[in-house]
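Student: Next up is a structure, given as structure tokens.
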Amino acid sequence: MAGRLADRAAIITGGAGGIGAATGLLFCQEGARVVLVDSDAEAMERAVSHIQASVPHACVVAVVADVGEEETASEVVAQTRRAFGAIDVLANIAGIRAYEPLAQARRDTWEKIIAVNLMSYAYFIREAITDLRASGRGSVINISSTHAVNPRAGMGQYDVTKAGIVSLTQTLAFEEAKHGVRVNAVCPGLTLTPFHLRRAQSAGRTRQDLDHEAAEGCLLGRWANAREVAYPILWLASDEASYITGSVLMVDGGRFVR
Ligand SMILES: NC(=O)c1ccc[n+]([C@@H]2O[C@H](COP(=O)([O-])OP(=O)(O)OC[C@H]3O[C@@H](n4cnc5c(N)ncnc54)[C@H](O)[C@@H]3O)[C@@H](O)[C@H]2O)c1
């Protein structure tokens with residue numbers, strides 16, 4: 040299949056979520072063979088059906104698993120090798136949120152968010168690295184957040200993990216350049232995904248409230264849709280970004296331009 044990721048195999052964690060599913064679809068549309076990993080079985084079914092309906096002959100494998108468990112990474116890497124023979128692209132997208140002020144932050148919340156948002160990225164990198172090096176065009180894209188570098192109150196545990204992802208990305212870029220693996224981070228800003236819609240609904244907030252928040256929240260005055268974040272991920276995965284490594288790309292509608 041032709042496309043910007045033709046002949047490449049990719050693992051996408053969080054592949055059934057808003058940004059993950061959009062990335063999976065776009066990668067398949069650009070010719071990649073894709074393994075989606077997510078703990079949400081129903082969302083996974085929807086994501087895979089959507090890909091299969093949109094991309095004739097898509098090569099997509101669904102793995103329902105908890106990336107917060109260390110052994111998941113080695114199991115998924117082994118499954119990917121069996122299905123596709125290699126791994127050329129790793130997109131670490133899985134993420135959870137927590138809303139405890141740091142003064143009240145609980146140990147189990149810390150442990151869970153670090154396991155999913157940070158350690159899973161590290162374990163998938165470690166397990167896939169041999170294949171990424173052998174690829175000759177290996178690319179890792181780690182999803183951080185604008186709040187990795189722009190502080191706020193109320194989501195300290197999440198923001199700490201996202202800052203950790205930036206550090207992980209830059210150190211790994213140093214270590215892997217000599218092996219031909221590029222490593223970059225994408226920091227989304229306000230991206231409207233089912234997560235935000237569900238959260239707004241349960242707080243009694245309307246779509247208008249959400250739009251008002253975005254109008255005030257960034258230069259472009261609106262939410263991104265997930266595909267607008269998936270495109271920069273695709274670009275970093277592709278040969279078009281062959282001279283880009285160690286970068287931290289803000290995809291935030293100009294949210295923090297000062
Ligand atoms: N949407 C935004 O505004 C925004 C902004 C900045 C950063 N991000 C980051 O982008 C990524 C995707 O966000 P999204 O908005 O699409 O959210 P989302 O909640 O729709 O997607 C996250 C996915 O990760 C999966 N997941 C969570 N824990 C898991 C686990 N233990 N094992 C396997 N899968 C697990 C979820 O099931 C979900 O499908 C996250 O890392 C998030 O922190 C999003």
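The numbers in my numbering rise by one with no breaks, and the one at position 27 of the sequence shown is 66. Here a beta-carbon is modelled for each residue, glycine too, at the ideal position from N, C-alpha and C.
(1) Between the segment 84 to 99 and the segment 126 to 144, do at least 3 Cβ pairs fall closer than 8 Å?
(2) With distances taken between CB atoms, is the gap from V155 to I135 smaller than 8 Å?
(3) Got a sec, what are the start and stop residues for the alpha helix (DSSP H) R30 sits in?
(4) Please list the segments of the alpha helix (DSSP H) lying wholly inside the segment 146 to 192, counting only runs of 4 or more residues, in order along the chain.
(5) If distances are taken between C-alpha atoms only, which option among D46, A137, K217, A97 comes closest to F234?
(6) Please report the distance separating the alpha-carbon of E108 from that of Y160.
(7) Please classify V266: does DSSP put it in a helix, a strand, or coil?
(8) Quick check on the burial criterion: 16 or more other C-beta atoms within 10 angstroms. Buried or exposed for L231?
(9) Could you have a look at P95 and say whether DSSP puts it in helix, strand or coil?
(10) Using the Cβ count rule (16 or more neighbours within 10 Å means buried), how would you classify A140?
(11) Among the residues of its own chain, which have a CB less than 7 Å from the CB of E215, if the five just before and after it don't count?
(12) List in chain order: all unbroken beta strand (DSSP E) runs of 3+ residues lying wholly within the segment 214 to 246.
(13) Please report the distance separating the alpha-carbon of A86 from that of A142.
(14) If we call anything under 8 Å between Cβ atoms a contact, is L75 one with G57?
(15) Return the chain-ordered list of same chain residues with a C-beta closer than 6 Å to the C-beta of V188, the five sequence neighbours on each side being excluded.
(16) Do you know how far the Cα of G175 is from the Cα of E279?
(17) When you compare each of S277, N131, D250 to R165 by their alpha carbons, which one comes out closest?
(18) DSSP has D77 in a bridge; who is on the other side?
(19) Assign T208 to buried or exposed, taking buried as 16 or more other Cβ atoms, counted over all protein chains shown, within 10 Å of its Cβ.
(20) How far does the alpha helix (DSSP H) with A60 in it reach, from first residue to last?
(21) Measuring CA to CA, which of D291, K217, A239 is closest to L37?
(22) Would P271 and V225 qualify as a contact pair, given that the criterion is a beta-carbon distance under 8 Å?
(23) Where A242 and T52 are concerned, what is the direct C-alpha to C-alpha distance, given to the nearest angstrom?
(24) Does the pairing of the segment 66 to 74 with the segment 193 to 207 give three or more beta-carbon distances under 8 Å?
(25) Looking at R120: is its Cβ nearer than 8 Å to the Cβ of C98?
(26) For ligand 1, I want to know if S206 counts as a neighbour, meaning its beta carbon is within less than 7 Å of at least one of the ligand's heavy atoms.
Tutor: Reading it off the structure:
(1) No: the two stretches stay apart, fewer than three of their Cβ pairs being nearer than 8 Å.
(2) yes
(3) Past the boundaries of the shown model lies residue 30; the chain is included only from 40 to 297, so the question cannot be answered.
(4) Fully enclosed alpha helix (DSSP H) runs of 4 or longer: 146 to 153, 159 to 174.
(5) A137
(6) Take the alpha-carbon of E108 and the one of Y160: they are about 11 Å apart.
(7) It should be noted that the sequence gives Arg, not Val, for residue 266. Helix at R266.
(8) buried
(9) coil
(10) Residue 140 is actually Pro in this sequence, not Ala. Burial call: exposed.
(11) V222
(12) Within the segment 214 to 246, the complete beta strand (DSSP E) segments of 3 residues or longer fall at 221 to 227, listed in chain order.
(13) Answer to the nearest angstrom: the Cα atoms are 38 Å apart.
(14) no
(15) Here the set comprises nothing.
(16) 15 Å
(17) Of S277, N131, D250, the residue nearest in Cα terms is N131.
(18) V103
(19) buried
(20) 57 to 68
(21) No answer is possible for residue 37: the residues shown for the chain start at 40 and end at 297.
(22) yes
(23) 28 Å
(24) no
(25) no
(26) no
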